[in-house]
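J.: Okay, here's the structure, questions in a sec.
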Amino acid sequence: MQKFKLYLLLLLGISGFSQTKLIYDQSLDAYKNKDYHLFLKLAKQLDSIRPMHPTFTYNLASAYSLNGKKQEALSVLKSIVLANNTVAFEGDSDFESIKEDKGFKELLQLKVSQSAVIESSAQKISLSENNLHPEGLLYLQKHKLWLASSIRNKKIVAFDANGKCSDWFTDCSYSVFALKTDNNQKYLWVACSAIPEMKGFTKKDEGKSEILKIEIATQKLVQRYSVEGSHVFGDIIVAKNNDVYISDSSDPLIYKIEKDSLLLWKDLKKEAFNLQGITLDENESKLFIADYLKGVLVIYIKTKEHSWLDFPEETSKKGIDGLVFYKKSLIAIQNGVVPIRIVRYKLNESGAKIIDFVVMDNNREVFNEPALATLVQNKLYFFGNSPWKFYDKNFKLDETKIENPKLFELILD
Numbered sequence: 062m063q064k065f066k067l068y069l070l071l072l073l074g075i076s077g078f079s080q081t082k083l084i085y086d087q088s089l090d091a092y093k094n095k096d097y098h099l100f101l102k103l104a105k106q107l108d109s110i111r112p113m114h115p116t117f118t119y120n121l122a123s124a125y126s127l128n129g130k131k132q133e134a135l136s137v138l139k140s141i142v143l144a145n146n147t148v149a150f151e152g153d154s155d156f157e158s159i160k161e162d163k164g165f166k167e168l169l170q171l172k173v174s175q176s177a178v179i180e181s182s183a184q185k186i187s188l189s190e191n192n193l194h195p196e197g198l199l200y201l202q203k204h205k206l207w208l209a210s211s212i213r214n215k216k217i218v219a220f221d222a223n224g225k226c227s228d229w230f231t232d233c234s235y236s237v238f239a240l241k242t243d244n245n246q247k248y249l250w251v252a253c254s255a256i257p258e259m260k261g262f263t264k265k266d267e268g269k270s271e272i273l274k275i276e277i278a279t280q281k282l283v284q285r286y287s288v289e290g291s292h293v294f295g296d297i298i299v300a301k302n303n304d305v306y307i308s309d310s311s312d313p314l315i316y317k318i319e320k321d322s323l324l325l326w327k328d329l330k331k332e333a334f335n336l337q338g339i340t341l342d343e344n345e346s347k348l349f350i351a352d353y354l355k356g357v358l359v360i361y362i363k364t365k366e367h368s369w370l371d372f373p374e375e376t377s378k379k380g381i382d383g384l385v386f387y388k389k390s391l392i393a394i395q396n397g398v399v400p401i402r403i404v405r406y407k408l409n410e411s412g413a414k415i416i417d418f419v420v421m422d423n424n425r426e427v428f429n430e431p432a433l434a435t436l437v438q439n440k441l442y443f444f445g446n447s448p449w450k451f452y453d454k455n456f457k458l459d460e461t462k463i464e465n466p467k468l469f470e471l472i473l474d
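Per our numbering, numbering through the sequence shown is continuous, rising by one, with the last residue being 474.
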């Protein structure tokens, strides 16, 4: 059985937390009492409440194995390996009944192959501001201007071809996440959210988020948009008609700014968990949005009908953060898997199904936690190293461990 502790923090924000903890405790008792039938029943229940949880998913594989359900156990173990190839299940006696199975041996080979280093992107520059902690970035072709957001310093910086940074907009109350512009590059749209990693964070800031509209030519704030409640606005996309779509990572909600009002556009609480990157297809009939646990959702703009994309068996749905649409494909930055990878998922003609994929970057030593990305013609740009892991339990950043932000370029054609 999984030897990890129960990651309670990963369950915060999920409705029925107390009930989930109770079911988990009951599953432990069932396991200890060797009531494997009940253990499996409870493991299935926990996995449905919180898919791809490190403990729950592992215990589901254990439960299947202990109940003689070999194929089910192998299938769940495969999803674990694809999400994290460092999980050591080989020596666990719970899998004794399947260790000689061909499928089990193939999983061990898969663990090794997942570690292969694939290098398609190349570092272009390092930014001069060491503790910037960038998240989003944008190139304004019309203005010949590079911009980067700052999680730590609550601002937007401009940087030149040598990586030299200068403050571009500093009137941000919270951490700056995504940066997007309208089709004419007149306005910059900025997603800001209060998180403990930002300087000056206090408890009263928790849950506050806003969208900024800035006139690019004058660098002047035009308007702030906010809504009541606890939110984390993580990514945005701007349509050609200037409608703005916003993903909320706190609650699985999508907001929209239209006719100068910020409104709830789609509620996904019944089936999504943690929304991340958001993008539109080429004719803007479909919205694609990543869920950190479940994969990618496609939403049809006119009807708001939606469905989950099916992923190829040799890939993981988990851990997609940045998401960019390019020529009938989705470029996904998967920083919630081990190893970190960047994958191009090819879509069918209707854009409703993934039909192929290619791993473009994998297991790069220089990658810490790449997040959002921006497209400039046929090139994808992103920061390869973010200092998320260098904050202590009090969210103080250890600046002795961080490196200057590194900008990477990935040629897609």
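Think of the CB as a built atom: it goes at the ideal place given N, C-alpha and C, for glycine as much as any other residue.
(1) Is the segment 259-266 touching the segment 274-294 in the sense that three or more CB pairs, one from each, lie closer than 8 Å?
(2) What's the C-alpha gap between Lys457 and Ala413?
(3) Would you report the Cα separation of Gly295 and Lys241, rounded to the nearest angstrom?
(4) With respect to the alpha helix (DSSP H) encompassing Tyr97, which residues constitute its N-terminal and C-terminal limits?
(5) Whose C-alpha, out of Ala91, Gln395, Leu314, Val142, is nearest the C-alpha of Tyr353?
(6) Buried or exposed, going by whether 16 or more other CB atoms sit within 10 Å of the CB of Ala177?
(7) Does the Cβ of Asp221 have 16 or more other Cβ atoms within 10 Å, making it buried, or fewer, making it exposed?
(8) Between which two residues does the alpha helix (DSSP H) carrying Phe78 extend?
(9) So, with DSSP's three-state summary, where would you put Leu324?
(10) At which residues does the beta strand (DSSP E) containing Thr435 begin and terminate?
(11) Rounded to a whole number of angstroms, what is the C-alpha to C-alpha distance between Ile256 and Glu470?
(12) Look at the alpha carbon of Phe451 and the alpha carbon of Ser368, and state the distance between them as a whole number of angstroms.
(13) Which residues mark the beginning and the end of the beta strand (DSSP E) in which Ser308 is found?
(14) Give the C-beta separation of Thr231 and Val399 to the nearest angstrom, bearing in mind that I take them to be a contact with Cβ-Cβ under 8 Å.
(15) Could you name the residues of the same chain whose beta carbon sits closer than 6 Å to that of Ala351, not counting the 5 residues immediately before and after it, in chain order?
(16) Give me the DSSP bridge partner(s) of Tyr406.
(17) Report the CB separation of Ile472 from Asn439 in whole angstroms; it is logged as a contact under 8 Å.
(18) What residue from Ser140, Phe150, Glu319 has the CA that sits closest to Lys355's CA?
(19) List in chain order: all unbroken beta strand (DSSP E) runs of 3+ residues lying wholly within the segment 206-290.
(20) For Asn145, which three-state DSSP category applies?
(21) In whole angstroms, give me the CA-to-CA distance for Tyr235 and Lys269.
(22) How big is the Cα-Cα spacing for Phe478 and Ile110?
(23) Can you tell me the Cβ-Cβ gap for Glu460 and Asn192, rounded? I've got them flagged as a contact below 8 Å.
(24) Just curious, the beta strand (DSSP E) that Thr340 is in, first and last residue?
(25) As a quick exercise: from Ser154, Gln132, Lys131, Thr118, pick the residue whose alpha carbon is nearest that of Asn145.
(26) Which class does Asn423 belong to by DSSP, given the choice of helix, strand or coil?
(27) Can the beta-carbon of Val142 be found less than 8 Å from the beta-carbon of Gln175?
(28) What number of angstroms, rounded off, separates the C-alpha of Asn304 from the C-alpha of Glu375?
(29) Less than 8 Å between the beta carbons of Ile318 and Ser308, yes or no?
(30) In or out: Asp155 buried (at least 16 other Cβ within 10 Å) or exposed?
(31) So, is Cys253 buried or exposed, given that buried needs 16 or more other C-beta atoms within 10 angstroms?
(32) Which residue's Cα is closest to the Cα of Gly152: Ser123, Asn128, Gln132, Lys130?
(33) Taking the alpha helix (DSSP H) that Phe428 belongs to, which residues open and close that run?
(34) Alpha carbons only, please: which of Asn120, Asp342, Tyr200, Glu332 is nearest the one belonging to Phe150?
(35) In this structure, does DSSP put Ile297 in helix, strand or coil?
T.: Working from what's here:
(1) Judged by Cβ distances under 8 Å, the segment 274-294 makes no contact with the segment 259-266, as fewer than three pairs qualify.
(2) Straight-line Cα distance between these residues: approximately 43 Å.
(3) Cα-Cα distance, rounded: 12 Å.
(4) Start and end: 97-110.
(5) It is Gln395 whose Cα lies nearest to the Cα of Tyr353.
(6) So Ala177 counts as exposed.
(7) Exposed is the call here.
(8) In the DSSP assignment, Phe78 falls within the unbroken alpha helix (DSSP H) covering 78-93.
(9) DSSP places Leu324 in the strand class (E or B) of the three-state scheme.
(10) Going by DSSP, Thr435 is part of the beta strand (DSSP E) stretching over 434-437.
(11) Cα to Cα, the separation comes out at about 28 Å.
(12) If you take the alpha carbons of Phe451 and Ser368, they lie about 37 Å apart.
(13) Where Ser308 is concerned, the enclosing beta strand (DSSP E) starts and stops at 305-309.
(14) That belief does not hold up - the Cβ atoms of Thr231 and Val399 are roughly 36 Å apart, past 8 Å.
(15) Only residues of its own chain outside the window of five on either side were considered, and among them Gln337, Gly338, Val357, Ile381, Leu384 have a CB closer than 6 Å to the CB of Ala351, listed in chain order.
(16) DSSP, once it has assigned bridges, lists Leu391, Phe418 as partnering Tyr406.
(17) So it is a contact: roughly 6 Å between Cβ atoms.
(18) With distances taken between CA atoms, Lys355 lies nearest to Ser140 out of Ser140, Phe150, Glu319.
(19) Runs found: 206-211, 216-220, 226-230, 236-242, 248-254, 270-276, 281-286.
(20) Here Asn145 sits in strand by DSSP.
(21) Our two residues, Tyr235 and Lys269, have alpha carbons roughly 8 Å apart in a direct line.
(22) Residue numbering for the chain in the displayed model covers 62 to 474; residue 478 lies beyond these limits and cannot be assessed.
(23) Separation of the CB atoms of Glu460 and Asn192 is rounded to 5 Å, and the pair is thereby assigned contact status at 8 Å.
(24) First-last of the beta strand (DSSP E) with Thr340: 336-341.
(25) Taking only the C-alpha atoms, the option nearest Asn145 is Thr118.
(26) Here Asn423 carries a strand assignment [DSSP, helix/strand/coil].
(27) Annotated as proximal: Val142 and Gln175, with beta-carbon spacing under 8 Å.
(28) Before going further, note that residue 304 is Asp rather than Asn in the sequence given. Their backbone Cα atoms lie some 36 Å apart in a straight line.
(29) Between Ile318 and Ser308, the gap from beta carbon to beta carbon reaches 8 Å or more.
(30) Asp155 is classed as buried because its beta carbon has at least 16 other beta carbons within 10 Å across all chains shown.
(31) With 16 or more other Cβ atoms within 10 Å, it is buried.
(32) It is Ser123.
(33) Per DSSP, Phe428 belongs to no alpha helix (DSSP H) and is neither H nor E.
(34) Per the Cα distances, Asn120.
(35) In the structure shown, Ile297 sits in a strand (DSSP, three-state: E or B).
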